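According to our numbering, the sequence shown is numbered sequentially starting from 24. Presented below is the structure to which this report refers.
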Amino acid sequence: MNNNSNDPRWTDWKWQHSKSCQDWETLERWFKASNAPLPFDATDLHALTSIYRMGITPYYFNLISNFIDADPIYRQIIPHIHELKISDDELDDPIADDNPARGSRPLKALIHRYPNRVLLLPTAQCAVYCRFCFRKRLVGDTSHNPREEDLQAAYKYIESHTDIEEVILTGGDPLTLGDRALEKILQRLDGIKHLRMIRIHSRLPVVNPFRLTDTLGSMLAALSKPVWVSAHFNHSSEITATARQYIQGWVTKGIPFLNQSVLLRGVNDSPAALKDLFMSLIEIKVKPYYLHQTDMVRGTGHLRVSVEEGLLILKQLQGEVPGYALPHYVLDRSNGLGKIPLQNIYI
Ligand code: SF4
24 MNNNSNDPRW TDWKWQHSKS CQDWETLERW FKASNAPLPF DATDLHALTS
74 IYRMGITPYY FNLISNFIDA DPIYRQIIPH IHELKISDDE LDDPIADDNP
124 ARGSRPLKAL IHRYPNRVLL LPTAQCAVYC RFCFRKRLVG DTSHNPREED
174 LQAAYKYIES HTDIEEVILT GGDPLTLGDR ALEKILQRLD GIKHLRMIRI
224 HSRLPVVNPF RLTDTLGSML AALSKPVWVS AHFNHSSEIT ATARQYIQGW
274 VTKGIPFLNQ SVLLRGVNDS PAALKDLFMS LIEIKVKPYY LHQTDMVRGT
324 GHLRVSVEEG LLILKQLQGE VPGYALPHYV LDRSNGLGKI PLQNIYI
């Protein structure tokens, strides 16, 4: 437990957001308060965070039960010296988000990879900075935040492409935006006739579940189009009583939830860990949607599981969980052409 856990503002999502650990002094203080040794010194941390920023909410830090690399929360969020090892086949932009040659990035705030759906990027800020992130080159960098004119251009693009049926808000993390900013974006999208649904991708249900406020949930539920939320739980220990309570609050309002996980070495790379994760998600009415193969992003080799190992784990899971609890195991192609399913062949 760090020193802040008794603070009366603990359940205020904005307080959690503002108290995110982003520097050596805070990290050192939190480790000391937890009677845990730091695995590196200030110089090492500076080397690590100069290439990829750090961000940890007090709530998420408190989910660490053992201050060792084998702890599934610790491993996802505490910088690791292995991030400085970069292999030749690792890339800055492993799924070619920025590759304009393909035409998939017509605008700063919009990616159009599939015919009937687009990604809208309303912010590059996140609540935490996950060590495995495939957009680590840009998340947290304010120069990647869209301006109002970028958003307006994106709305116009969506309006003029009547084959677009779904808009997916991603980033960064859209739920780091305030209620008013989100409402403005969502109401604008809600008014586009040919859109059928809106999706929000967010890690806030995991790292700052207090963001799922009653007010915001009611605003989403009041829109004319369904808003699906895709959370990002990677381990069952992230599904705390608090996360359950706040997700249930939104589910009760009729907001459906999906989940995307990343297959991560030392976090969830066993049939038992994945079974526990998927069953726990179903229990809280969150449908496991995708299990992502870790992208070939720079400095993530220590977290990556091979496709062969991933397929073997999924084979062992077959029959262990109901079919509706099994997500699609997918790989994002490095040429920017989207996902391909990874499947065991049975016949
Ligand atoms: S919250 Fe999502 S976008 Fe942000 S660092 Fe984590 S994985 Fe990347």
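A virtual CB, placed ideally from N, CA and C, is assigned to each residue, including glycine. Note that the structure is a prediction, hence the values are computed from the model and not measured.
Quick test of your reading: residue i and residue j, contact by CB under 8 Å. State the CB separation rounded to the nearest angstrom.
i, j, result
"Pro-117", "Val-285", "Incorrect: roughly 12 Å between the Cβ atoms, too far for contact."
"Leu-287", "Pro-311", "Leu-287 to Pro-311, Cβ: 15 Å. No contact."
"Pro-81", "Ala-132", "Not quite, the Cβ-Cβ distance comes to about 31 Å (not below 8 Å), so this is no contact."
"Asn-367", "Leu-334", "5 Å"
"Ile-79", "Val-151", "6 Å"
"Pro-228", "Ile-270", "6 Å"
"Val-290", "Tyr-83", "About 14 Å separates the two Cβ atoms, so there is no contact after all."
"Arg-22", "Glu-189", "No answer is possible for residue 22: the residues shown for the chain start at 24 and end at 370."
"Ala-119", "Asn-358", "6 Å"
"Leu-174", "Ile-221", "That pair is no contact at about 14 Å."
Note down, in chain order, each residue of its chain lying with its Cβ closer than 7 Å to the Cβ of residue i, except the 5 sequence neighbours on either side.
i, result
"Asp-299", "Ser-259"
"Pro-102", "Leu-68, Leu-71, Thr-72, Met-77, Arg-154"
Express the C-alpha separation of residue j and residue i in angstroms, rounding to a whole number.
i, j, result
"Lys-362", "Val-330", "14 Å"
"Ile-87", "Ile-96", "5 Å"
"Leu-235", "Ile-370", "44 Å"
"Asn-85", "Ser-28", "8 Å"
"Leu-246", "Gly-194", "22 Å"
"Trp-251", "Trp-273", "11 Å"
"Leu-200", "Thr-146", "8 Å"
"Gln-341", "Pro-364", "16 Å"
"Arg-356", "Trp-47", "36 Å"
"Lys-308", "Phe-256", "13 Å"
"Ala-56", "Phe-301", "33 Å"
"Thr-263", "Cys-149", "21 Å"
"Leu-61", "Leu-68", "10 Å"
"Arg-226", "Ala-254", "6 Å"
"Gln-45", "Phe-233", "20 Å"
"Val-328", "His-105", "15 Å"
"Asp-186", "Pro-138", "7 Å"
"Ala-177", "Leu-198", "19 Å"
"Asp-318", "Leu-205", "29 Å"
"Asp-213", "Lys-179", "13 Å"
"Trp-53", "Gln-268", "26 Å"
"Arg-32", "Trp-38", "6 Å"
"His-217", "Trp-36", "34 Å"
"Ile-305", "Thr-66", "43 Å"
"Tyr-347", "Asp-64", "46 Å"
"Val-162", "Cys-156", "9 Å"
"Glu-343", "His-135", "37 Å"
"Pro-294", "Asp-94", "17 Å"
"Gln-283", "Leu-314", "6 Å"
"Ile-100", "Lys-42", "15 Å"
Around the Cβ of residue i, are there at least 16 other Cβ atoms within 10 angstroms (buried) or fewer (exposed)?
i, result
"Ser-127", "buried"
"Asp-196", "buried"
"Arg-203", "exposed"
"Ser-166", "exposed"
"Glu-261", "buried"
"Gln-316", "buried"
Enumerate in chain order the residues of its own chain whose CB-to-CB distance from residue i is below 6 Å, with the five nearest sequence positions on each side excluded.
i, result
"Leu-337", "Tyr-352"
"Tyr-75", "Lys-159"
"Leu-50", "Cys-44"
"Ser-110", "Gly-324"
"Gly-322", "Glu-106, Ile-109"
"Lys-276", "Gly-240, Ala-244"
Using three-state DSSP, classify residue i as helix, strand or coil.
i, result
"Asp-355", "strand"
"Met-302", "helix"
"Val-309", "strand"
"Met-77", "coil"
"Asp-284", "The sequence shown places Ser at residue 284, rather than the Asp named in the question. Of the three classes helix, strand and coil, the one that applies to Ser-284 here is strand, per DSSP."
"Val-230", "helix"
"Met-319", "coil"
"Ala-119", "coil"
"Val-141", "strand"
"Lys-362", "strand"
"Arg-327", "coil"
"Ala-147", "coil"
"Val-344", "coil"
"Ile-221", "strand"
"Thr-101", "A small correction: the amino acid at residue 101 is Ile; Thr does not occupy that position in the sequence shown. It is coil, neither helix nor strand."
"Glu-48", "helix"
"Val-162", "coil"
"Val-252", "strand"
Counting only the same chain and skipping the five closest in sequence on each side, list residues whose C-beta sits under 8 Å from that of residue i.
i, result
"Ile-91", "Tyr-97"
"Thr-238", "Asp-202"
"Asp-21", "Shown here, the chain extends from 24 to 370; a query on residue 21 therefore has no answer."
"Arg-140", "Ile-187, Glu-188, Glu-189, Val-190, Ile-191"
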